[in-house]
Amino acid sequence: MTKRIRSKIARGSAELSILALLAEQPLYGFEISKRIEEKTGGALHFTLASLYPMLYDLEKRGWIAGRWEANHAGRDRRYYCLTPAGKKELAPLRREWSFFFQALDRLAGVTNA
Amino acid sequence: MPDWSAFVRERLQSLNLAPKEVEEVVTELAGHFEDIYEEQISRGLSESEAERAALNEVVRWRRLARNIQRVKQEGTMNARTKHLWLPGLVSLAAAMGLLMILIAISLQPRFLGRSPLQMVILPWLVLLPFCGAAGAYLSRRGGAALWARLVAGLFPTIVLFVMGAILIVTRLVVVSRPQWWYGSLAVVLGIVLPSAALLLGAAPFLKTAKPKVAA
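Note that the protein sequences, when read in sequence, are chains D and X.
Everything in the first sequence is counted per our numbering, starting at 738 for the first residue and increasing by one.
Everything in the second sequence is counted per our numbering, starting at 22 for the first residue and increasing by one.
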């Protein structure tokens, strides 16, 4: 599925996508948007305009924390990592989305579409 | 390569945040533009095409500035409550609660005749470090800076000082014996010693805790 999903579901899943990625390793904004695009085969795409307000919001809620570090090219980038509060939030979020997709599948048979 | 910092700064002029915070946002977004631009160049696009691709990331700058402003400003308000007001109020409530309990105990018939210094002031000074510790601890737990932890710990005496000053300046309270001795004693017993006691309790929490990062 390469077609970009531009819907409320995609926007709603942004939190889960970011938290799940940061659970693997700390990343900076550009890397986050690249990884999301790569891992979803281009189905999800975060522009700069949509990504940063989301990151700042997650940071404000204490789920992620940012710190300045040099990247592989030696340039200062703000790396975000998952905080213990974010880690705690990720598990129920995953369950909620899993439950949602199962329900949708039962209703509309989306898996076999 | 375009000067992305100048480009972002110019377009985020409406961002009304602390200068340091604006600079952080500008640096971060400029870095993102820089990465997109370089990625496009490495894919073989011309400089103008790469620049265009980067510019496509933001169509409505005002909207972006508004969204960042909203998120950051809400954060500031919440942070101030978490870092200062709430810990300060806990410290104040604990200090005043203890003072009232001690006064109530000292008024019981079996303690009549004992001096207020012995029954109220000294026990209060002994207990005040716990109030200062509570304020500074809560403030540090919320991730506050040193000054906020200090203010949260000393909040009871700051309030006492301000209230006392207001009452005296507005002449709602008239000092009956305006000699330096009585004034100094009041300041020492009401402000200096309680402040020292609060500071004693707050001191261990004035060191910055190491940030926790999930494994």
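Each residue gets a CB set at the ideal place from its N, CA and C atoms; glycine is no exception.
Residue range of the beta strand (DSSP E) that Glu49 of chain X falls in?
-> No beta strand (DSSP E) contains Glu49 of chain X, which is instead part of the alpha helix (DSSP H) from Pro40 to Ser63.
Where Leu159 of chain X and Gly799 of chain D are concerned, what is the direct C-alpha to C-alpha distance, given to the nearest angstrom?
-> For the pair Leu159 of chain X and Gly799 of chain D, the Cα-to-Cα distance works out to about 16 Å.
Compare the C-beta of Ala828 of chain D against all C-beta atoms of chain X and say whether one is closer than 7 Å.
-> Closer than 7 Å: no.
Per-residue DSSP class, three states only, for Asp813 of chain D | Reduced to three states, the DSSP call for Asp813 of chain D is strand.
How is the alpha helix (DSSP H) around Ile122 of chain X delimited, first residue to last?
-> Per DSSP, Ile122 of chain X is one residue of the alpha helix (DSSP H) stretching across Leu107 to Ser127.
Taking Cβ positions only, does His104 of chain X come closer than 7 Å to chain D?
-> At least 7 Å separates the CB of His104 of chain X from every CB of chain D.
Assign Leu206 of chain X to one of three DSSP states: helix, strand, or coil.
-> Reduced to three states, the DSSP call for Leu206 of chain X is helix.
In the structure shown, what three-state DSSP assignment does Lys804 of chain D receive?
-> A small fix is needed here, since residue 804 of chain D is Arg in this sequence, not Lys. DSSP places Arg804 of chain D in the strand class (E or B) of the three-state scheme.
Contacts that Asn88 of chain X makes with chain D (C-beta to C-beta distance below 7 Å) | One finds Pro790 in chain D with Cβ atoms closer than 7 Å to the Cβ of Asn88 of chain X, taken in chain order.
Taking Arg87 of chain X as the reference, give the member of X:Ala51, X:Leu107, X:Ala75 and X:Val46 with the closest Cα.
-> Sorting X:Ala51, X:Leu107, X:Ala75 and X:Val46 by C-alpha distance to the C-alpha of Arg87 of chain X places X:Val46 at the top.
Could you tell me if the beta carbon of Ala114 of chain X falls within a distance shorter than 6 Å of some heavy atom in the ligand FMN?
-> No copy of the ligand FMN appears in this structure; indeed no ligand is present at all.
Specify, as a first and last residue, the run of the alpha helix (DSSP H) that Arg184 of chain X falls within.
-> In the sequence under discussion, the amino acid at residue 184 of chain X is Met, which differs from the Arg named in the question. Run containing Met184 of chain X: Leu167 to Val190, per the alpha helix (DSSP H) assignment.
Would you say Val92 of chain X faces chain D, with C-beta separation under 7 Å as the test?
-> Judged by the 7 Å Cβ criterion, Val92 of chain X is in contact with chain D.
How big is the Cα-Cα spacing for Met791 of chain D and Pro108 of chain X?
-> Distance between the alpha carbons of Met791 of chain D and Pro108 of chain X: 28 Å.
Say whether chain D places a C-beta atom closer than 7 Å to the C-beta of Glu49 of chain X.
-> Glu49 of chain X belongs to the set of residues whose beta carbon lies under 7 Å from a beta carbon in chain D.
Three-state class that DSSP yields for Leu227 of chain X in the structure shown | In this structure, DSSP gives Leu227 of chain X a state outside helix and strand, which the three-state scheme calls coil.
Which residues in the same chain as Leu148 of chain X place their Cβ atom closer than 6 Å to its Cβ, once the five residues preceding and following it in sequence are excluded?
-> For Leu148 of chain X, where only same-chain residues beyond five positions count, the Cβ hits under 6 Å are Leu119.
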